[in-house]
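Engineer: Can you keep this structure in mind? I'll have questions shortly.
2 protein chains.
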Amino acid sequence: MPDQAREGDLAATMRDIGVRARRAAALLAEAPASAKAAALHGAARKIRERIAALLAANAKDVAAAEAAGTGAFVDRVRLDPKRIEAIAAGLDDVAALPDPVGRELARWPRPNGLDIARVAVPFGVIGIVYEARPNVTADAGGLSIKAGNAAILRGGSESFESSAVLVEALRDAVAEAGLPADAVQRVPTRDREAVGILLSTPGLCDVVVPRGGKSLIERVMREARVPVIAHLEGLCTTYVHEAADPAMARAIVHNAKMRRVSVCGATETLLIDRAAAARLLPAILDDLAASGCEVRGDSFVVALWPRAKPASEQDWSTEFLDAIIAVKLVDGLDQAIAHINRHGSHHTDAIVTSDAHAAEAFLARVDSAIVLHNASTQFADGAEFGFGAEIGISTQRLPPRGPVGAEQLTTYKYVVRGAGQIRP
Amino acid sequence: MPDQAREGDLAATMRDIGVRARRAAALLAEAPASAKAAALHGAARKIRERIAALLAANAKDVAAAEAAGTGAFVDRVRLDPKRIEAIAAGLDDVAALPDPVGRELARWPRPNGLDIARVAVPFGVIGIVYEARPNVTADAGGLSIKAGNAAILRGGSESFESSAVLVEALRDAVAEAGLPADAVQRVPTRDREAVGILLSTPGLCDVVVPRGGKSLIERVMREARVPVIAHLEGLCTTYVHEAADPAMARAIVHNAKMRRVSVCGATETLLIDRAAAARLLPAILDDLAASGCEVRGDSFVVALWPRAKPASEQDWSTEFLDAIIAVKLVDGLDQAIAHINRHGSHHTDAIVTSDAHAAEAFLARVDSAIVLHNASTQFADGAEFGFGAEIGISTQRLPPRGPVGAEQLTTYKYVVRGAGQIRP
Numbered sequence: 001m002p003d004q005a006r007e008g009d010l011a012a013t014m015r016d017i018g019v020r021a022r023r024a025a026a027l028l029a030e031a032p033a034s035a036k037a038a039a040l041h042g043a044a045r046k047i048r049e050r051i052a053a054l055l056a057a058n059a060k061d062v063a064a065a066e067a068a069g070t071g072a073f074v075d076r077v078r079l080d081p082k083r084i085e086a087i088a089a090g091l092d093d094v095a096a097l098p099d100p101v102g103r104e105l106a107r108w109p110r111p112n113g114l115d116i117a118r119v120a121v122p123f124g125v126i127g128i129v130y131e132a133r134p135n136v137t138a139d140a141g142g143l144s145i146k147a148g149n150a151a152i153l154r155g156g157s158e159s160f161e162s163s164a165v166l167v168e169a170l171r172d173a174v175a176e177a178g179l180p181a182d183a184v185q186r187v188p189t190r191d192r193e194a195v196g197i198l199l200s201t202p203g204l205c206d207v208v209v210p211r212g213g214k215s216l217i218e219r220v221m222r223e224a225r226v227p228v229i230a231h232l233e234g235l236c237t238t239y240v241h242e243a244a245d246p247a248m249a250r251a252i253v254h255n256a257k258m259r260r261v262s263v264c265g266a267t268e269t270l271l272i273d274r275a276a277a278a279r280l281l282p283a284i285l286d287d288l289a290a291s292g293c294e295v296r297g298d299s300f301v302v303a304l305w306p307r308a309k310p311a312s313e314q315d316w317s318t319e320f321l322d323a324i325i326a327v328k329l330v331d332g333l334d335q336a337i338a339h340i341n342r343h344g345s346h347h348t349d350a351i352v353t354s355d356a357h358a359a360e361a362f363l364a365r366v367d368s369a370i371v372l373h374n375a376s377t378q379f380a381d382g383a384e385f386g387f388g389a390e391i392g393i394s395t396q397r398l399p400p401r402g403p404v405g406a407e408q409l410t411t412y413k414y415v416v417r418g419a420g421q422i423r424p
Numbered sequence: 001m002p003d004q005a006r007e008g009d010l011a012a013t014m015r016d017i018g019v020r021a022r023r024a025a026a027l028l029a030e031a032p033a034s035a036k037a038a039a040l041h042g043a044a045r046k047i048r049e050r051i052a053a054l055l056a057a058n059a060k061d062v063a064a065a066e067a068a069g070t071g072a073f074v075d076r077v078r079l080d081p082k083r084i085e086a087i088a089a090g091l092d093d094v095a096a097l098p099d100p101v102g103r104e105l106a107r108w109p110r111p112n113g114l115d116i117a118r119v120a121v122p123f124g125v126i127g128i129v130y131e132a133r134p135n136v137t138a139d140a141g142g143l144s145i146k147a148g149n150a151a152i153l154r155g156g157s158e159s160f161e162s163s164a165v166l167v168e169a170l171r172d173a174v175a176e177a178g179l180p181a182d183a184v185q186r187v188p189t190r191d192r193e194a195v196g197i198l199l200s201t202p203g204l205c206d207v208v209v210p211r212g213g214k215s216l217i218e219r220v221m222r223e224a225r226v227p228v229i230a231h232l233e234g235l236c237t238t239y240v241h242e243a244a245d246p247a248m249a250r251a252i253v254h255n256a257k258m259r260r261v262s263v264c265g266a267t268e269t270l271l272i273d274r275a276a277a278a279r280l281l282p283a284i285l286d287d288l289a290a291s292g293c294e295v296r297g298d299s300f301v302v303a304l305w306p307r308a309k310p311a312s313e314q315d316w317s318t319e320f321l322d323a324i325i326a327v328k329l330v331d332g333l334d335q336a337i338a339h340i341n342r343h344g345s346h347h348t349d350a351i352v353t354s355d356a357h358a359a360e361a362f363l364a365r366v367d368s369a370i371v372l373h374n375a376s377t378q379f380a381d382g383a384e385f386g387f388g389a390e391i392g393i394s395t396q397r398l399p400p401r402g403p404v405g406a407e408q409l410t411t412y413k414y415v416v417r418g419a420g421q422i423r424p
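Protein chains in written order, with my numbering: chain A, 1 to 424; chain B, 1 to 424.
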């Protein structure tokens, strides 16, 4: 793979990448599970072996980021030995998962003797467009290989140098496992036009997966002429029902909001039953405030807990990704569900209650990819679901919905076995 | 529902339909299986009861079609008592299927005690855009109800009057079953702009399903700003392998091509191994010719069977939907698979062989929604798969792929049950 786009010929470069990817995908679709696992373990080993080269490349990215960006931004780009080990361990985890390709998802006989099976197969070629964090290069590449897909990676220019080292490790390991190195390719240019070509050229990718901020995702959804697995924002809500266990409610709300405020599974809105607010809410808000969380409440919340700032209408529809929480009193389950379905982003929402009926009603009627009972919304994560890693949390309604791991990067075909049947 | 769009206010009409659909979808998602089945059986009964009104409405459509169209076109619009009974019976079949909503697709515990289930849920609101045939109104409406979705139907203006009667039967039966009549709505105007609004208004539909000719599907895919379940053409191939049973090959090829030439599962291309061509091909082509099929062959076919016309390059990529077949000799399995993956439409392809190894290689490597061994490609049909009815055969790569029945009109959510877990 060339390290630089040939001057003036980005379209030809992308076409070449597409042809290589298509060829690799055909081979990878039939690769034995053992070869794919060997490739992933091999990539983990190479990343550990090449830690010095990776840190050197990352230093260049960090220097560029420092010249351009803020502290949080630089932090996302930066690698250290611990983060590199986590990247390698993630690949080992994915390698150890059951192979998702070839699974018989269903099989049934027909009265005429035909035998019909629905069998998992790879998507084909996946374009992955993402920002900033270099670990996505390894996660996305590793999951694609596991699912038998060829990946075309278009990482953020902020981690251009780090991603190059990671991609070479993946490609070398794939080749050593006897599979086509072009199973993982990187768009070898910072030119933003490459994304446009990826999104709009029919037949180049079978699906595009954007991972990043709102403006990236919206651009991809607007420009894409191929199917997109969309990951929109995570406006997650935790609802404390009147029958909640007080200690559990405190622990879950604090964790759901404050464990990490910048992840998509972080709770942004807290709803609490009016009947329980005086009894439960002050302790919950004291905990949050003690950890530095800003509380914005409706007028009832402000009356109950005067340190709260008044919430604006906008706050109910805002993914803060920060130590800020919007808090509202509701008159029971129906109002809580209506609020979530209207203001939430259909990502992840939780109820805390000891009332099994209320819990089941919430789980059934909240229209989100992930609904939880008595657990933190921060469990919205592929690894926590047992998927090894994830490419993101899909907020679209059609499959794949929720955490997208290797299994979710497969589709299916129908295999019909007959003995000469013709249709009457 | 108004029978006419309010003048000058199509956008408001469509918005109103969208609001009603969204409200109906929320109720339908939780409807018990028995109520949905009662609604579908009720609709079948009402269609049988209202046969006179339906025939009278259809006569108006047929008169308009005769004024405008060709014989085949008029035939697609025309209903008769037998076709009406088939429509009603289709609804009874769908009613009798297992309920696809609420199925537990997977469930597993996590080491931290969390219990995770993947549960089937409806899409929400489905927009269905189709042409000509009035039976699609009943099939699409019935499958949507079964899957717990609200449907917005936009049928061809050619069957406008017939569809109106069918939709009223569905709505009346849904209401009698205690469900919201707005589970099925019809765009009450022939204005083509209504399709544009359906395709481009965010939040109006969760998914759009086009069913019809190539230009309709291409328009939908180009204009849609919501996910589409695409049904492109069916360029199906039957491959006669050198180890094919001669009698079986003759019977399957004849059925695959000639049973009905206008369906998407009809075979358009015949590939046959060079090693078996002299032995098998003449009898196969004699059979086809005897049924009035035009044979277009490559030079080897013409040499073997002189009645064949020379095939053009274009013929390998043409969905004839007519009594025409393109025939080519290939040098074995690899060449056959390469031809199909290059020229086919990833819809339905079959191999005829007594060699189990060759069959399995074909089934694994042909990249189509449906692959068959020793059976006719005309089995590409939801009812033949046991789905009761179908909305079409999806040729897209992401799910749903292949025949789209009620089960395929559902997505899933993750239901996570905890006991106070917080994420470390």
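Beta carbons: idealized from backbone N, C-alpha and C, even for Gly.
Distance, Cα to Cα, Thr238(B) vs Ala350(B)?
Structural biologist: Thr238(B) and Ala350(B) have their C-alpha atoms roughly 5 Å apart.
Engineer: Measure the alpha-carbon distance for Leu105(A) versus Ala323(B) and round it to whole angstroms.
Structural biologist: Distance from the CA of Leu105(A) to the CA of Ala323(B), rounded to the nearest whole angstrom, comes to 37 Å.
Engineer: Roughly how many angstroms lie between the CA atoms of Arg397(A) and Gly265(B), to the nearest whole one?
Structural biologist: 29 Å
Engineer: Can you tell me which of the three DSSP states Thr13(A) falls into?
Structural biologist: helix
Engineer: Quick one: what's got a C-beta closer than 6 Å to Gly392(A)'s C-beta in the same chain, skipping five residues either side?
Structural biologist: Short of 6 Å from the beta carbon of Gly392(A), and not among the five residues preceding or following it, lie these beta carbons of its own chain, in chain order: Arg211, His231, Val404.
Engineer: Can you name the residues that DSSP bridges to Glu448(A)?
Structural biologist: Outside the displayed span of chain A (1 to 424) sits residue 448(A), for which this structure offers no information.
Engineer: If you draw a straight line from the alpha carbon of Arg225(B) to that of Asp287(B), how long is it in whole angstroms?
Structural biologist: 47 Å
Engineer: Could you check how far apart the C-beta atoms of Cys236(A) and His343(A) are, in whole angstroms? I think they sit under 8 Å.
Structural biologist: No, Cys236(A) and His343(A) are not in contact; Cβ-Cβ is about 11 Å, not under 8 Å.
Engineer: Quick check: the Cα distance between Asp298(A) and Ala389(B), rounded to an integer number of angstroms?
Structural biologist: 51 Å
Engineer: For the candidate residues Pro111(A), Val121(A), Ala33(A), whose alpha-carbon lies nearest to that of Ser368(B)?
Structural biologist: Val121(A)
Engineer: Terminal residues of the continuous alpha helix (DSSP H) containing Asn341(B)?
Structural biologist: 333 to 343
Engineer: Compile a chain-ordered list of the residues in the region 102 to 132 of chain A whose CB is closer than 7 Å to at least one CB of chain B.
Structural biologist: Listed by position along the chain: Trp108, Arg110, Leu114, Ile116, Phe123, Gly124.
Engineer: Please classify Asp9(A) as buried or exposed, where buried requires at least 16 neighbouring CB atoms within 10 angstroms.
Structural biologist: exposed
Engineer: On the CB-based measure, 16 or more other CB atoms within 10 Å of its CB, does His254(B) come out buried or exposed?
Structural biologist: buried
Engineer: State the start and end residues of the unbroken alpha helix (DSSP H) segment that holds Ile137(A).
Structural biologist: The sequence shown places Thr at residue 137(A), not Ile. That run of the alpha helix (DSSP H) goes 135 to 146.
Engineer: Taking only the alpha-carbon atoms, compute the straight-line gap between Glu223(B) and Ala11(A) and give it to the nearest angstrom.
Structural biologist: 25 Å
Engineer: Any beta carbon of chain B sitting closer than 8 Å to that of Ala251(A)?
Structural biologist: yes
Engineer: Strictly below 8 Å CB to CB, what residues from chain B border Pro310(A)?
Structural biologist: What Pro310(A) touches in chain B: nothing, since even the nearest Cβ is about 29 Å away.
Engineer: Give the secondary structure of Gly297(B) by DSSP, where H, G and I count as helix, E and B as strand, and everything else as coil.
Structural biologist: strand
Engineer: So is Glu384(A) in contact with chain B if we call contact Cβ pairs under 8 Å?
Structural biologist: yes
Engineer: Could you list which residues in chain B have their beta carbon closer than 9 Å to that of Arg259(A), in chain order?
Structural biologist: Within chain B, the residues near Arg259(A) are Ile422, Arg423, Pro424.
Engineer: Could you name the residues that DSSP lists as bridge partners for Leu271(A)?
Structural biologist: Residue pairing for Leu271(A): DSSP places it in a beta bridge opposite Tyr239(A), Lys328(A).
Engineer: Return the residues of the region 153 to 172 of chain B that lie within a Cβ-Cβ distance of less than 9 Å from chain A, sorted by chain order.
Structural biologist: none
Engineer: Below 6 Å CB to CB, which residues in the same chain sit around Tyr130(A) once its five sequence neighbours on both sides are set aside?
Structural biologist: Val136, Gly155, Arg211, Gly212
Engineer: Just to confirm the assignment, what range does the alpha helix (DSSP H) spanning Pro81(A) have?
Structural biologist: 81 to 96
Engineer: Strictly below 7 Å CB to CB, what residues from chain A border Val415(B)?
Structural biologist: Simply Leu363, Val371.
Engineer: Within its chain, find whatever has a CB closer than 6 Å to the CB of Asp355(B); leave out the 5 residues flanking it on each side and keep chain order.
Structural biologist: Ala243
Engineer: What residues in its chain sit with their C-beta under 7 Å from that of Gly402(B), if we drop five residues either side in the sequence?
Structural biologist: Ala369, Ile370, Ile393, Ser394
Engineer: Roughly how many angstroms separate the alpha carbons of Leu329(A) and Gly418(B), rounded to a whole number?
Structural biologist: One C-alpha to the other measures close to 24 Å.
Engineer: For Phe320(A), collect the residues of the same chain with a Cβ closer than 6 Å to its Cβ; drop the 5 residues on either side in sequence, then sort them by chain order.
Structural biologist: Only residues of its own chain outside the window of five on either side were considered, and among them Glu268 have a CB closer than 6 Å to the CB of Phe320(A), listed in chain order.
Engineer: For Arg50(B), does the three-state DSSP call read helix, strand or coil?
Structural biologist: coil
Engineer: Quick check: the Cα distance between Ile145(A) and Ala26(A), rounded to an integer number of angstroms?
Structural biologist: Separation of Ile145(A) and Ala26(A) (C-alpha to C-alpha, rounded to the nearest whole angstrom) is 12 Å.
Engineer: At which residues does the beta strand (DSSP E) containing Asn374(B) begin and terminate?
Structural biologist: 370 to 375
Engineer: Helix, strand or coil: which one does DSSP assign to Arg186(A)?
Structural biologist: Arg186(A) falls in the strand class under three-state DSSP.
Engineer: Decide if Ser436(B) is buried, meaning its Cβ has at least 16 other Cβ atoms within 10 Å, or exposed.
Structural biologist: The structure shown does not extend to residue 436(B), since chain B is modelled only from 1 to 424, so the question has no answer here.
Engineer: Verify the CB distance criterion: does Asp206(B) have a CB-CB separation below 8 Å to chain A?
Structural biologist: yes
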